[in-house]
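> Provided herewith is a single structure, encoded as structure tokens, for subsequent inquiry.
In full-length UniProt numbering, the protein residues as written are 1 to 342.
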């Protein structure tokens, strides 16, 4: 079987904000801030890729084979029972790590997308929606709320039933902006989860389920005045506040300056506010409240990313490669497909 295989693939993957207040482990939003991943054929050792990390925000990320992007990239080939190609990986990091903006999810989704494009000439590529199961599997906590919007874009509601993942994407309103304040300190997601109780009262669960319903309806109908009430939470933010005592003051400052609502982004430390006007006023209010608490940080104004992860360039060799001997004649593909029962 002679096919023209890729010699390089470039993927962009958006930042995400999970939970959005009440949607603990079930809601996520893609944002127009991206990590860029380039994979190219290089060398002769598939088990030890050359990994280059560009950008100051990527400092500290591993360049060893345990790199999350490479692990996700290799996972596709392993599931297809294909040899992993020897590659060089360049990662341009624009999303701070450990700050609740889905940096790890971009690595997982980016790796899967790049590998999926790599096997496209073999007729083995799948729709990106069908990569969700593998993405959840490869994500450190096995949660879909970050990887699903990174993959699909927009506002995504997710759930799991007996290991089957459902992800429903809807367009986020164009007139809303995400105003984000990221403190100079990260928050450990694992440590934050250890602070959560083993069980919740009926009243707290009902409060949050009502908040999710109200938030989704308010966004759909343009009833933005309800967003602040809808984004309140009783399941995770009050407990994680131990790691970030100034969080309520910064959230209140955002709302006081004109934001419709605000909350912790994912497991923190970033805070996200939604506004339809007075964007800079909201951001300055968040920064001032943080400064009053002795906290420095950076601010961003971002639109929603409605598209999700995407391959922006694929380069193929002009030399047709004989791949039957290298890849064999039998292929196997069994990623979990949302709602497929597989």
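Even for Gly, the Cβ is constructed at its ideal location relative to N, Cα and C. Keep in mind the model is a prediction, meaning the values are calculated, not measured.
So, at 6 Å on beta carbons, what are the nonlocal neighbours of residue 181 in its own chain, with the 5 sequence-adjacent residues on each side left out?
One-based indexing of the chain shown puts residue 181 at position 181. Answer for residue 181: 271, 286, 297 and 299, listed in chain order.
> Using 7 Å as the threshold, is the C-beta distance between residue 32 and residue 171 below it?
Here the question's residue 32 lines up with position 32 in the chain shown. Here the question's residue 171 lines up with position 171 in the chain shown. Using a Cβ distance threshold of 7 Å, residue 32 and residue 171 do not count as a contacting pair.
> In this structure, how does DSSP classify residue 181 when only helix, strand and coil are distinguished?
Start at 1 with the first residue of the chain shown, and residue 181 comes out as number 181. In this structure, residue 181 counts as strand in the three-state DSSP scheme.
> With three or more C-beta pairs closer than 8 Å as the rule, is the segment 46-55 touching the segment 90-99?
yes
> Which residues bound the beta strand (DSSP E) around residue 274?
Indexing the chain shown from 1 puts residue 274 at position 274. Looking at the DSSP string, the run of the beta strand (DSSP E) that includes residue 274 is 271-275.
> For a quick check, are the C-beta atoms of residue 221 and residue 9 less than 7 Å apart?
Against the chain shown, residue 221 aligns to sequence position 221. Against the chain shown, residue 9 aligns to sequence position 9. Not a contact, by the Cβ cut-off of 7 Å.
> Considering only DSSP beta bridges, list what residue 202 is partnered with.
Locating residue 202 in the chain shown gives position 202, counting from the first residue. According to DSSP, residue 202 bridges with nothing at all.
> Residue 291: beta carbon under 6 Å from a heavy atom of the ligand NAD?
The model on display carries no ligand, and the ligand NAD is accordingly not part of it.
> Quick one: give me the first and last residue of the alpha helix (DSSP H) that residue 116 is part of.
As a working note, residue 116 is residue 116 in the chain shown. From DSSP, the alpha helix (DSSP H) with residue 116 extends over 103-118.
> Is there contact between the segment 124-132 and the segment 37-47, where contact requires at least three CB pairs shorter than 8 Å?
Result no; under three Cβ-Cβ pairs closer than 8 Å.
> Using C-beta distances below 7 Å, list every residue in its chain close to residue 226, excluding the 5 sequence neighbours before and after it, in chain order.
The count along the chain shown starts at 1 and reaches residue 226 at position 226. Excluding sequence neighbours, residue 226 sits near 214 and 218.
> Can you tell me the Cβ-Cβ gap for residue 232 and residue 256, rounded? I've got them flagged as a contact below 8 Å.
Working through the chain shown from its first residue, we reach residue 232 at position 232. Working through the chain shown from its first residue, we reach residue 256 at position 256. Actually they are not in contact, since the Cβ atoms of residue 232 and residue 256 sit about 16 Å apart, beyond 8 Å.
> Are the beta-carbon atoms belonging to residue 28 and residue 116 less than 7 Å from one another?
For the purposes of this step, residue 28 is identified with residue 28 of the chain shown, where counting begins at 1. For the purposes of this step, residue 116 is identified with residue 116 of the chain shown, where counting begins at 1. No, the Cβ-Cβ distance between residue 28 and residue 116 is not below 7 Å.
> Short of 8 Å in beta carbon distance, which residues of its chain neighbour residue 175, apart from the five on each side in sequence? Order them along the chain.
Residue numbering aside, residue 175 sits at position 175 when the chain shown is read from its first letter. Closer than 8 Å at Cβ, skipping near neighbours: 276.
> Report back the beta-carbon spacing between residue 97 and residue 57 to the nearest angstrom; my notes put them in contact at under 8 Å.
To locate residue 97, count along the chain shown from 1; it is residue 97. To locate residue 57, count along the chain shown from 1; it is residue 57. Indeed they touch by this definition, with Cβ atoms about 7 Å apart.
> With the cut-off set at 7 Å, would you say residue 290 and residue 250 are in Cβ contact?
Position 290 of the chain shown holds residue 290. Position 250 of the chain shown holds residue 250. Yes, Cβ-Cβ distance for residue 290 and residue 250 is below 7 Å.
> Looking only at DSSP bridge pairs, what is residue 91 linked to?
Working through the chain shown from its first residue, we reach residue 91 at position 91. For residue 91, which the question treats as bridged, DSSP gives the partners 37 and 53.
> So residue 230 and residue 22 are in contact, right, with Cβ under 8 Å, and what is the actual spacing, rounded?
Numbered from 1 along the chain shown, position 230 holds the residue referred to as residue 230. Numbered from 1 along the chain shown, position 22 holds the residue referred to as residue 22. Yes, residue 230 and residue 22 are in contact; Cβ-Cβ is about 7 Å, under 8 Å.
> Taking the alpha carbon of residue 173 as the reference point, which residue from 143, 14 and 304 has its own alpha carbon closest?
Counted from its first residue, the chain shown places residue 173 at position 173. Residue 173 has its Cα closest to that of 304, out of 143, 14 and 304.
> Output needed for residue 105: all residues of its chain with C-beta closer than 7 Å, excluding positions within five of it in sequence on either side, in chain order.
Locating residue 105 in the chain shown gives position 105, where the first residue counts as 1. Within the same chain, residue 105 has close Cβ partners 16, 139, 146, 147 and 150.
> Looking at the structure shown, is residue 155 part of a helix, part of a strand, or coil, going by DSSP?
If you number the chain shown from 1, residue 155 lands on position 155. Residue state, collapsed to three classes: strand.
> Looking at the structure shown, is residue 24 part of a helix, part of a strand, or coil, going by DSSP?
On the chain shown, residue 24 is found 24 positions in, with the first residue counted as 1. Correct three-state label for residue 24: coil.
> With H, G and I counted as helix, E and B as strand and the rest as coil, what does DSSP make of residue 295?
Numbered from 1 along the chain shown, position 295 holds the residue referred to as residue 295. Looking at residue 295 - three-state DSSP - the assignment turns out to be coil, as it is neither helix nor strand.
> Considering only DSSP beta bridges, list what residue 122 is partnered with.
Walking along the chain shown from the start, residue 122 turns up at place 122. In the DSSP output, where bridge partners are listed per residue, residue 122 has none listed.
> Using the Cβ count rule (16 or more neighbours within 10 Å means buried), how would you classify residue 199?
Locating residue 199 in the chain shown gives position 199, counting from the first residue. Classification for residue 199: exposed.
> Label residue 144 either buried or exposed according to how many other C-beta atoms from any shown protein chain fall within 10 Å of its C-beta, with 16 as the threshold for buried.
Residue numbering aside, residue 144 sits at position 144 when the chain shown is read from its first letter. The residue is buried, with at least 16 neighbouring Cβ atoms inside 10 Å.
> Using three-state DSSP, classify residue 194 as helix, strand or coil.
If you number the chain shown from 1, residue 194 lands on position 194. It is helical.
> Out of curiosity, what's the CA-to-CA distance linking residue 208 and residue 131?
Numbered from 1 along the chain shown, position 208 holds the residue referred to as residue 208. Numbered from 1 along the chain shown, position 131 holds the residue referred to as residue 131. Looking at the two C-alpha atoms, the distance is approximately 29 Å.
> Roughly how many angstroms separate the alpha carbons of residue 204 and residue 84, rounded to a whole number?
Walking along the chain shown from the start, residue 204 turns up at place 204. Walking along the chain shown from the start, residue 84 turns up at place 84. For residue 204 and residue 84, the distance between alpha carbons rounds to 47 Å.
> When DSSP labels each residue in this structure, what does residue 62 get in the three-state scheme?
On the chain shown, residue 62 is found 62 positions in, with the first residue counted as 1. The answer is coil: DSSP assigns residue 62 none of H, G, I, E or B.
> What does the alpha-carbon distance come out to for the pair residue 64 and residue 37?
Translated into the one-based positions of the chain shown, residue 64 becomes position 64. Translated into the one-based positions of the chain shown, residue 37 becomes position 37. Each residue's alpha carbon lies about 16 Å from the other.
> What does DSSP give as the partner residue(s) for residue 263 in the beta ladder?
Mapped onto the chain shown, residue 263 falls at position 263. In DSSP, residue 263 forms a bridge with 272.
> Within 10 Å of its beta-carbon, does residue 74 have 16 or more other beta-carbons around it, so buried, or fewer, so exposed?
Against the chain shown, residue 74 aligns to sequence position 74. Residue 74 is buried by the Cβ-count criterion.
> In terms of DSSP beta bridges, what is residue 306 paired with?
Within the chain shown, residue 306 is the residue found at index 306, counting from 1. Residue 306 is not bridged to any residue.
> Output yes or no for whether 7 Å exceeds the beta carbon distance between residue 165 and residue 133.
Position 165 of the chain shown, counted from the first residue, corresponds to residue 165. Position 133 of the chain shown, counted from the first residue, corresponds to residue 133. Yes; because the gap between Cβ atoms is below 7 Å, this pair is in contact.
> Tell me whether residue 171 sits in a helix, a strand or coil according to DSSP, three-state version.
Stepping through the chain shown from its first residue, residue 171 is reached at position 171. Here residue 171 sits in coil by DSSP.
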